Amino acid sequence: MQMNMENQFPIFDGHNDTLQMFYVADRKRDRSFFEKSSKGHIDLPRAIEGGLGGGLFSIFAPSKMKIKNNPGSDLSNTKTSYALPMVPPLDFGVALDHTLKGMAGLFRLEAESEGKIKVVSDVDELEACLKAGILAVVLHIEGADTIDTDLDCLSVFYRAGLRALALSWSRDNAFAHGVPYRFPHSPDVGPGLTDLGRSLVKACNDLGIMLDVSHLNEKGFWDIEKLTDSPIVATHSGVHALCPSSRNLTDKQLDGIKASNGLVGVNFHVAFLREDGHRDENTPITEIVRHMDYIAERIGIDHVAFGSDFDGATMPKDLKDTAGLPKLMDALRNSGYDDGALAKLTHQNWLRIFRETWK
Ligand code: ZN
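If you read the sequence shown in the numbering used here, its first letter stands for residue 14, the second for the next number, and so on.
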């Protein structure tokens, strides 16, 4: 059944870690992207079932060291508060090796898909894929640890399709300082961008690469806000006023995003949604709606979208995975979002950002 052909609301999602599930060398590939599985959150059959039309597919080089008590890796974490140390910097060579593996894996996936998946770097092409029911993948790198200080890698990655970059993934590198995982805690941890980081912002502006602030600390956020000439985007974050995690955005940051005509992709990770910060999958889907409502009310419906963090986070049990997205659509409808608002939330806002950013 070609469900997507009729789909008025194809969902473009701001963040997933699916490439890590399939193409990280030290993780066993125990499922195929083309077969429906009950493992993880995204595969092609479940994407079609749930109405996922595309998304920013992230490549993220993990740290060698296991992070103890990381709320992102320990299911038993229901502590009221935690303050994890900053993850140590990652060696450039290790990060680059990982990135190349992820990119090669993505291109192989596209080649094996018989036209069902397309890596896109052009907005018209992206829009056409959403209409035709072809899964549109935008290449996103989460953490500039994998970019050399001469920015040679940036030029090469751009030609390979890179259209979104997070300067930091909750880790310090040559360009920026990340925000460590803490609750309850302000995102204001550590200094702003380095001089190299400022050059990288300019280089991304010149090439038309979208800048993602989701794992950046607050000083870095404001440095980007001062420097950038394109919209500021948090691909997968929540509202700090509703869930005071260091990974979420303060009201002031939300206002800064609005001023830049930017966008927030709301993260579905339960620990970034809940008031108590617990990593408890018994969290209602309406918690996602609560964050979307807050952003829409404060800065407008044009500045909020989906940023699931599928395959990288703990989803509300009722949502479960990509196939559960229609339940979120129902919850949004029940909360009063009409067709026009749903079109913006699901894909129009992302398309606008890319039109304003990509060259
Ligand atoms: Zn992330």
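Each residue gets a CB set at the ideal place from its N, CA and C atoms; glycine is no exception. None of these values were measured; they are calculated from a predicted model.
query: Should HIS304 and VAL226 be called a contact, given that it needs their Cβ atoms to be closer than 8 Å?
result: To locate residue 304, count along the sequence shown from 1; it is residue 291. To locate residue 226, count along the sequence shown from 1; it is residue 213. The Cβ atoms of HIS304 and VAL226 do not sit closer than 8 Å to each other.
message: Taking the alpha carbon of ASP315 as the reference point, which residue from VAL246, ASP30, CYS142, LEU338 has its own alpha carbon closest?
response: Translated into the one-based positions of the sequence shown, residue 315 becomes position 302. Selected option, being the one with the closest Cα: VAL246.
- prompt: Is it a yes or a no for the region 179–198 touching the region 153–171, going by three-plus beta-carbon pairs under 8 Å?
  reply: Yes, they touch.
query: If we count Cβ pairs, one from each stretch, closer than 8 Å, do we get three or more for the region 324–339 versus the region 268–275?
result: No, because fewer than three Cβ pairs between the region 324–339 and the region 268–275 fall closer than 8 Å, the two stretches do not touch.
- prompt: What do you reckon, is the C-beta of ASP43 under 7 Å from a heavy atom of the ligand ZN?
  reply: Counting from one through the sequence shown, the residue named residue 43 turns up at place 30. Within the chosen limit of 7 Å, the ligand ZN does not reach the beta carbon of ASP43 with any heavy atom.
- prompt: Beta carbon of GLY66, beta carbon of ILE24: below 8 Å?
  reply: In the sequence shown, counting from the first residue as 1, residue 66 sits at position 53. In the sequence shown, counting from the first residue as 1, residue 24 sits at position 11. In this structure, ILE24 lies closer than 8 Å to GLY66 by Cβ.
- prompt: Using the beta-carbon count (16 or more within 10 Å), is GLU231 buried or exposed?
  reply: As a first step, residue 231 must be located in the sequence shown, where it is residue number 218. By the 10 Å Cβ count, GLU231 comes out buried.
message: Quick check on the DSSP output: the beta strand (DSSP E) that includes ASP26 runs from which residue to which?
response: As a position in the sequence shown, residue 26 is number 13, starting the count at 1. Per DSSP, ASP26 is one residue of the beta strand (DSSP E) stretching across 24–29.
message: Quick check on THR31: buried or exposed, where buried means 16 or more other Cβ atoms within 10 Å of its Cβ?
response: Position 18 of the sequence shown holds residue 31. Under this definition THR31 is a buried residue.
message: Helix, strand or coil for PHE367? Go by DSSP, reduced to three states.
response: For this step, residue 367 is matched to residue 354 along the sequence shown. Shown here, PHE367 sits in a helix according to DSSP, grouped into three states.
Enclosing beta strand (DSSP E) for PHE70 [first to last residue]: Working through the sequence shown from its first residue, we reach residue 70 at position 57. That run of the beta strand (DSSP E) goes 65–72.
message: Would PRO339 and GLY115 qualify as a contact pair, given that the criterion is a beta-carbon distance under 8 Å?
response: The residue labelled residue 339 in the question sits at position 326 within the sequence shown. The residue labelled residue 115 in the question sits at position 102 within the sequence shown. In this structure, the beta-carbon distance from PRO339 to GLY115 does not fall below 8 Å.
message: Just to confirm my understanding: we take HIS153, look at its own chain, exclude 5 residues before and 5 after, and list those with CB closer than 6 Å. What are they?
response: Taking the sequence shown and counting its residues from 1, the one referred to as residue 153 is at position 140. For HIS153, same chain residues with a beta-carbon under 6 Å away, outside a window of 5 residues either side, are LEU69, SER71, ALA177 in chain order.
Cα-Cα separation between GLU441 and GLY174, rounded to whole angstroms: Only positions 14 to 372 of the chain appear in the structure, and residue 441 is not among them; the question remains open.
query: In the region 238–324, which residue ranges form an unbroken beta strand (DSSP E) of at least 3 residues, counting only runs that do not cross its ends?
result: Runs found: 245–250, 276–279, 317–319.
- prompt: Quick one: is GLY336 buried, meaning 16 or more other Cβ sit within 10 Å of its Cβ, or exposed?
  reply: What you label residue 336 is simply residue 323 of the sequence shown in a count that begins at 1. Note that residue 336 corresponds to Ala in the displayed sequence, not to Gly. With 16 or more Cβ atoms within 10 Å of its Cβ, ALA336 is classed as buried.
For LEU175, three-class secondary structure by DSSP: For the purposes of this step, residue 175 is taken as the residue at position 162 of the sequence shown. It is a strand residue.
query: What's the gap between the Cα of LEU364 and the Cα of ASP137?
result: To locate residue 364, count along the sequence shown from 1; it is residue 351. To locate residue 137, count along the sequence shown from 1; it is residue 124. Approximately 9 Å between the Cα atoms of the pair.
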